[in-house]
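Each residue of the sequence shown is one higher than the last, beginning at 1 in UniProt numbering.
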Amino acid sequence: MAVGITNRRWFILLATAATTMFLVMVIYKPKYYEPIIIENNKIVPMYENVINFSEPRMSKKPLQNWRGLTKNQTHRLSVLGRILFLQEDPPQPAKPDHKYQILVWKYGKTIENRHLKRFGKEEFDPFEDCSVRNCEITYEDAALTTADLVIFHLHRMKKEDLPKKRGPKEQIWAFLTDESPNHTFLNKNNLTNYNGLFNWSMTYRMDSDIPVPYGRTILRQTPLDDTFTINKRKDVLVAILGSNCGGKNKRWDYVKELQKHIAVDVYGGCGTLKCPGHFKTDCPAIDSYLFYLAFENSNCDEYVTEKLWWNAFEKNSIPIVMGATKESYAKLLPPKSYLNIDDYAQPKDLATHIHYLNMTGHYREFFEWKRDFEVLNEHGYFQSKSYHYCRVCEALNYNTKNTKIYQDLSGFWSVSRDCHPAWNA
Numbered sequence: 001m002a003v004g005i006t007n008r009r010w011f012i013l014l015a016t017a018a019t020t021m022f023l024v025m026v027i028y029k030p031k032y033y034e035p036i037i038i039e040n041n042k043i044v045p046m047y048e049n050v051i052n053f054s055e056p057r058m059s060k061k062p063l064q065n066w067r068g069l070t071k072n073q074t075h076r077l078s079v080l081g082r083i084l085f086l087q088e089d090p091p092q093p094a095k096p097d098h099k100y101q102i103l104v105w106k107y108g109k110t111i112e113n114r115h116l117k118r119f120g121k122e123e124f125d126p127f128e129d130c131s132v133r134n135c136e137i138t139y140e141d142a143a144l145t146t147a148d149l150v151i152f153h154l155h156r157m158k159k160e161d162l163p164k165k166r167g168p169k170e171q172i173w174a175f176l177t178d179e180s181p182n183h184t185f186l187n188k189n190n191l192t193n194y195n196g197l198f199n200w201s202m203t204y205r206m207d208s209d210i211p212v213p214y215g216r217t218i219l220r221q222t223p224l225d226d227t228f229t230i231n232k233r234k235d236v237l238v239a240i241l242g243s244n245c246g247g248k249n250k251r252w253d254y255v256k257e258l259q260k261h262i263a264v265d266v267y268g269g270c271g272t273l274k275c276p277g278h279f280k281t282d283c284p285a286i287d288s289y290l291f292y293l294a295f296e297n298s299n300c301d302e303y304v305t306e307k308l309w310w311n312a313f314e315k316n317s318i319p320i321v322m323g324a325t326k327e328s329y330a331k332l333l334p335p336k337s338y339l340n341i342d343d344y345a346q347p348k349d350l351a352t353h354i355h356y357l358n359m360t361g362h363y364r365e366f367f368e369w370k371r372d373f374e375v376l377n378e379h380g381y382f383q384s385k386s387y388h389y390c391r392v393c394e395a396l397n398y399n400t401k402n403t404k405i406y407q408d409l410s411g412f413w414s415v416s417r418d419c420h421p422a423w424n425a
């Protein structure tokens with residue numbers, strides 16, 4: 001009798017252990033299956049892993065004010081900034097029946113390829129999916145006498161491009177730049193030439209009068225209750241796409257050092273692997289990598305471009321970031337959605353962690369954010385939508401029209417304050 005009970009206990013213990021091992025393998029290990037990609041006539045091994053968002057959240061951290069903005073940072077946001085980044089409801093437009101005229105000074109035709117045509121032949125509605133539509137765009141210089149707002153594309157501006165005189169007293173002048181302070185001007189120019197001219201700023205930064213970020217993270221109104229499938233290759237884990245092989249932050253030096261410790265596939269003009277198009281068309285080849293090196297050309301506050309929003313998040317890859325400060329990434333990106341090179345003493349330490357995440361299956365934790373957050377691409381590259389003109393129209397409808405002039409542009413836009421030292425080996 002005692003022998004029977006003992007055997008039964010051993011059977012229960014063994015069955016429990018086997019069940020536990022099975023559950024651990026199911027939850028944490030990727031399910032490998034036969035390859036589904038053929039590259040250069042070679043079969044590329046892939047794995048599939050399913051995350052079930054109907055299960056309880058791994059993190060119990062509250063999501064309210066997840067950006068962690070201080071009172072001062074919140075105070076510096078325009079009304080439009082609060083709508084875009086705090087998800088506040090828009091106010092009732094002051095003049096909903098007024099047709100606002102937006103003049104793009106001198107370079108409207110130059111930038112319409114991105115903002116109206118998405119690098120194709122068809123011209124799209126610039127106010128598609130916009131919360132307001134009571135605006136029109138013109139490139140005609142004569143509209144300087146009637147326009148409600150004039151956009152000056154600072155990156156392309158020459159000193160002689162400025163109008164000889166301003167339009168109506170209530171007319172708003174806004175400077176636009178999508179580049180970092182390190183690359184403010186394409187031509188030889190100086191920021192001091194524009195002191196005392198502009199009323200509004202139009203940049204990727206949250207505290208701009210008209211924020212035009214390359215992408216945004218928003219909190220879902222209702223958590224996702226579905227499954228998410230990860231389909232990634234298992235032979236090479238990391239990729240980067242680049243045609244500008246420079247950069248003051250030594251990003252390509254970092255890539256070379258990282259390649260000593262882990263395989264990194266390099267696409268574009270800076271590598272041996274090719275993809276068609278440059279900003280114009282998508283590069284499907286990078287879809288299958290688990291990690292993507294979202295390395296910017298400048299280490300400046302909040303400078304986070306399509307390299308991250310599209311080449312990583314849109315591809316359901318885990319971004320490895322270089323460029324903005326840790327504080328910038330924390331307030332712009334979903335929590336625990338990326339790796340930051342600043343968290344590792346050397347590239348070899350990053351490589352070790354990548355291998356660890358892949359081998360243990362802990363990379364799954366870097367997709368948990370999809371339950372509560374959504375990422376939006378708003379830059380106009382790779383045939384995505386550009387929201388630049390929509391944001392101008394929204395700012396005209398929502399922002400406070402108080403009289404303001406940037407007397408000293410360096411107080412808002414400065415290399416010495418906003419940009420930071422490069423990585424050093």
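The beta carbon of each residue, even a glycine, is placed where N, CA and C say it ideally should be.
{"query": "DSSP beta-bridge partners for valine 238?", "result": "Val264 and Phe291"}
{"query": "Excluding the 5 residues preceding and the 5 following tyrosine 303 in the sequence, name in chain order all residues of the same chain whose CB lies nearer than 7 angstroms to its CB.", "result": "Ser180, Tyr204, Glu296, Gly323 and Ala324"}
{"query": "Can we say the segment 190-207 touches the segment 163-178, given the rule of at least three CB pairs closer than 8 angstroms?", "result": "yes"}
{"query": "Could you check what DSSP says for leucine 136 in three-state terms: helix, strand or coil?", "result": "Here the sequence assigns glutamate to residue 136, which means leucine is not the residue at that position. It is a strand residue."}
{"query": "To the nearest angstrom, report how far apart leucine 273 and valine 238 are at their CA atoms.", "result": "13 angstroms"}
{"query": "Three or more C-beta pairs under 8 angstroms: does that hold for the segment 246-257 against the segment 416-423?", "result": "yes"}
{"query": "Classify glutamate 34 as helix, strand or coil using the three-state DSSP reduction.", "result": "Bear in mind that a pLDDT of 35 at glutamate 34, under 50, signals an unreliable position, so the number given afterwards is only what the model happens to contain. Looking at glutamate 34 - three-state DSSP - the assignment turns out to be strand."}
{"query": "Pull up the distance between the alpha-carbon of valine 415 and that of asparagine 190, whole angstroms please.", "result": "12 angstroms"}
{"query": "If you reduce the DSSP assignment to three classes, tell me which class glutamate 374 lands in.", "result": "strand"}
{"query": "Write down every uninterrupted run of the beta strand (DSSP E) in the UniProt domain \"Fucosyltransferase N-terminal\" (99-215) whose length is 3 residues or greater and which is fully enclosed by it, in chain order.", "result": "100-105, 135-138, 149-153, 172-176 and 200-202"}
{"query": "Between Leu84, Lys164, Ala294 and Cys283, which lies nearest to valine 212 when the distance is taken from Cα to Cα?", "result": "Leu84"}
{"query": "Would you mind reading off the limits of the beta strand (DSSP E) that contains phenylalanine 228?", "result": "227-233"}
{"query": "Going along the chain, which residues of its own chain have a beta-carbon closer than 6 angstroms to the beta-carbon of leucine 103, five neighbours each way excluded?", "result": "Thr138, Ala143, Ala147 and Val150"}
{"query": "Output needed for alanine 351: all residues of its chain with C-beta closer than 7 angstroms, excluding positions within five of it in sequence on either side, in chain order.", "result": "Leu258, His261 and Ile262"}
{"query": "Among Ile111, Thr74, Asn65 and Pro90, which one has its Cα closest to the Cα of glycine 380?", "result": "Ile111"}
{"query": "For leucine 154 and glutamine 407, I'd like the C-alpha separation in whole angstroms.", "result": "16 angstroms"}
{"query": "Hey, how far is the Cα of cysteine 419 from the Cα of isoleucine 51?", "result": "38 angstroms"}
{"query": "Start and end of the beta strand (DSSP E) containing isoleucine 405?", "result": "Careful: isoleucine 405 lies outside any beta strand (DSSP E) and carries neither H nor E."}
{"query": "Tell me which same chain residues have a C-beta within less than 6 angstroms of the C-beta of phenylalanine 382, skipping the five on either side of it?", "result": "Asp282 and Trp310"}
{"query": "Here's the rule I'm using: 16 or more other beta-carbon atoms within 10 Å means buried, otherwise exposed. How should lysine 95 be labelled?", "result": "exposed"}
{"query": "Figure out for me which residue from Gly196, Cys390, Tyr267 and Arg216 has the closest Cα to the Cα of glutamate 374.", "result": "Arg216"}
{"query": "Within 10 angstroms of the Cβ of aspartate 209, are there 16 or more other Cβ atoms? Answer buried if so, exposed if not.", "result": "buried"}
{"query": "Taking only three categories from DSSP, how would you classify serine 416?", "result": "helix"}
{"query": "Answer yes or no: do lysine 106 and aspartate 129 have a C-beta to C-beta separation smaller than 9 angstroms?", "result": "no"}
{"query": "For leucine 332, does the three-state DSSP call read helix, strand or coil?", "result": "helix"}
{"query": "Which partner residues of methionine 322 appear in the DSSP bridge assignment?", "result": "Phe295"}
{"query": "Identify which residue in Glu394, Ile405 and Asp342 has its Cα closest to the Cα of proline 91.", "result": "Glu394"}
{"query": "Which value, in whole angstroms, describes the spacing of the CA atoms of valine 392 and aspartate 342?", "result": "35 angstroms"}
{"query": "Quick one: what's got a C-beta closer than 7 angstroms to leucine 409's C-beta in the same chain, skipping five residues either side?", "result": "Leu191, Tyr194 and Asn195"}
{"query": "Which same chain residues, not among the five before or five after threonine 305, have their C-beta less than 7 angstroms away from its C-beta?", "result": "Tyr214 and Glu296"}
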